[in-house]
Each structure stands twice: as structure tokens, then as C-alpha cells.
Amino acid sequence: MKINLIAIIGDSRKVLRKLPNNFFQLVVTSPPYFNLKDYGKSFEEGNLGAINNFEVFMEEINKVWRECFRVLKPDGKLAINASDVFDKVRVMGKDVQVRMPINERIVLECVKMGFLYRAKIIWYKHASTGEDRCAGTFPYPYNLLFWDASFEEINIFKKPGNYQKRPKEVEEMSKITKEEYTKHAKPIWEIPAVRQKGHCAMFPVELPMRLIKHFTFVKDWVLDPFGGSGTTLLACKKLKRNGVIVELNEEYLPLIKEKVGWGQQAIGVRYEYKIIFEDELDGFQEIFRNL
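Set out below in C-alpha cells:
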């Protein structure tokens with residue numbers, strides 16, 4: 002069995018435009034936090050997390066979801082892990098902390114694009130990007146401000162289309178246990194966060210593995226347009242799915258290689274590893290078709 006594991010270095014808004022139509026069975030990703038973390042690049046260099054205007058942030062990130070719709074196969078799924086954040090807005094001459102409804106906006110925009118909204122999962126991660134806190138007018142009543150950073154959302158969408166039956170052999174290799182099916186069907190996933198090592202926003206490999214197990218079969222193609230440290234690619238390797246990640250920052254390549262086990266082989270599987278840069282992608286649609 003041959004499994005392709007591909008890391009593309011470039012801006013996902015541009016890279017995805019060069020990928021073929023109706024190719025991927027699943028897109029699983031976690032976009033940059035809005036105006037919260039330092040991802041090592043400026044907006045001018047393509048870093049969407051460096052945008053400090055919420056409407057501009059949503060406009061730019063929607064470009065990625067539109068391309069995801071195009072590159073997904075009919076019946077393909079899009080799973081987006083995102084977190085609302087607080088930001089300051091100017092109201093009556095004062096700075097006021099308000100919650101930015103990122104997940105709600107993602108859902109509305111994806112539905113407008115033609116996606117069917119299928120599910121919301123709450124990821125309870127125990128740890129946080131900052132301490133959970135309540136603030137406002139403490140110790141007096143009136144203005145309690147809630148901020149719970151111990152959970153995030155995973156919103157799941159489907160591109161309209163019919164299920165394509167796989168060969169019996171592939172179905173058997175892709176079986177899910179009854180325990181997994183029962184546990185993962187619950188709307189709250191309790192998966193501890195991982196220590197941030199080398200990247201400011203890593204998620205645990207268990208998260209993409211669950212999504213990949215339930216929405217793809219062995220040898221299907223999976224895409225992560227915000228590849229980060231390569232966690233989704235590692236999940237693809239573990240589950241024998243073909244995987245493609247797109248990562249803006251070339252400096253994360255050593256981390257991706259270390260995490261994925263770049264170049265390593267396994268009995269019964271031949272892994273093909275590729276690193277491609279954005280400016281090498283012209284004509285790459287044909288390369289994908291020949292993989």
C-alpha cells in the first residue's frame with residue numbers, strides 16, 4: 002500500500018487555488034486565532050492571525066473555506082476547530098471587551114457558500130491559552146464577563162453529494178470499533194491539550210484522528226490548509242490516509258519532519274514524503290492526478 006504525505010509551504014489562500022477540483026474526502030484544520038498569537042509572520046507575508054480587524058480577518062479566512070468547497074469531493078466533509086476570542090471595541094468613547102463570534106460567523110459563511118451544516122462538537126481540553134477567568138465589576142454585581150478558555154468548538158460541514166461506496170477490502174481496513182463509535186458520537190470530546198513545543202497553537206493528534214477515522218476510509222485524501230506543526234499529517238500517517246498540509250512558515254519544517262517521522266517506513270506500507278514550495282505548484286494539479 003502506498004500512502005502520500007505532502008507538506009506544501011505557502012499561503013493557503015493561493016496554494017489551494019492550484020489544487021484539483023473534487024479531490025479531497027476531508028478537510029480538517031484549525032485556523033489562526035484572531036489577533037491573539039504570534040505565528041512568526043506579518044499579514045503582508047500571509048499570516049491571517051496578524052490581522053487586527055475582525056471583518057478583514059473573516060473576509061480573508063473565508064477565501065480558504067471557498068477553496069475547500071471546490072477541492073472537496075461531493076459528500077466530502079469540512080471540520081473546523083476554532084475558538085472565539087475577546088477583543089476591544091470603542092463604544093461611547095471607551096474601550097469595551099467583547100466576545101468576537103468567530104465560530105458563529107464561520108457557520109453562517111460556510112452555509113452561504115453551499116456547505117450543509119452537520120454538527121457542532123465541544124472540545125473540552127482542560128488547559129487553555131490563558132487562565133479561565135471571570136471579570137467585570139467584581140466583587141460587585143452588574144457586569145460579569147465570562148471567559149472560559151478550556152473549551153473550543155469543532156464545526157462540521159458537508160459538501161452536497163452522494164456517498165461513494167468503497168471496495169470491500171478498504172471498508173474492512175477502515176472499520177471503527179463500537180466503543181469508538183459510541184464515545185465519539187457524543188457532542189463533547191474531552192481531550193487534554195498538549196504542551197506547546199516549537200509552535201504556539203498545537204492541537205493533540207487524537208483530535209484529527211477521530212475526525213479522520215469517522216469521515217474517511219483508508220487511502221482517502223485529507224487536507225489541512227493551516228498545517229502548523231504537522232499534527233494532521235501525523236494522524237494521516239497513523240491511519241493510512243493520504244495527507245496534504247499547507248503551512249505558511251518554512252521555519253516549522255524541522256518540527257513537521259520530527260513530528261511526522263519524515264522518511265520512516267513501516268511494514269506493509271510505502272510512505273511517499275514530499276515537500277513542495279508554493280512557487281513550484283504550477284501544473285501540480287496533473288501531479289496530483291498521477292499520484
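Heads up, the sequence shown is in this note's numbering, so the first residue is 2 and it goes up one at a time. All C-beta atoms, glycine included, are put in the ideal place defined by N, C-alpha and C.
Per DSSP, residue 209 lies in no beta strand (DSSP E); the unbroken alpha helix (DSSP H) holding it starts and ends at 207-216.
Counting only residues of its own chain and dropping the five nearest sequence neighbours on each side, residue 59 has a CB closer than 6 angstroms to the CB of 106.
In chain order, 274 place their CB closer than 7 angstroms to the CB of residue 264, counting only its own chain and leaving out the 5 sequence neighbours on each side.
In chain order, 28, 79 place their CB closer than 6 angstroms to the CB of residue 69, counting only its own chain and leaving out the 5 sequence neighbours on each side.
Within a 10 Å sphere around the beta-carbon of residue 196 sit fewer than 16 other beta-carbons, which makes this residue exposed.
Cβ-Cβ separation between residue 227 and residue 31: approximately 6 angstroms, consistent with a contact (criterion under 8 angstroms). Taking 8 angstroms as the cut-off, the Cβ atoms of residue 76 and residue 176 do not count as close. Looking at the backbone, the Cα of residue 205 and that of residue 250 are separated by about 20 angstroms. Bounds of the beta strand (DSSP E) holding residue 4 are 3-10. Counting only runs that start and end inside the region 233-262, the alpha helix (DSSP H) elements of at least 4 residues fall at 254-261. The beta carbon of residue 180 sits closer than 8 angstroms to none of the beta carbons in its chain outside the five residues before and after it.
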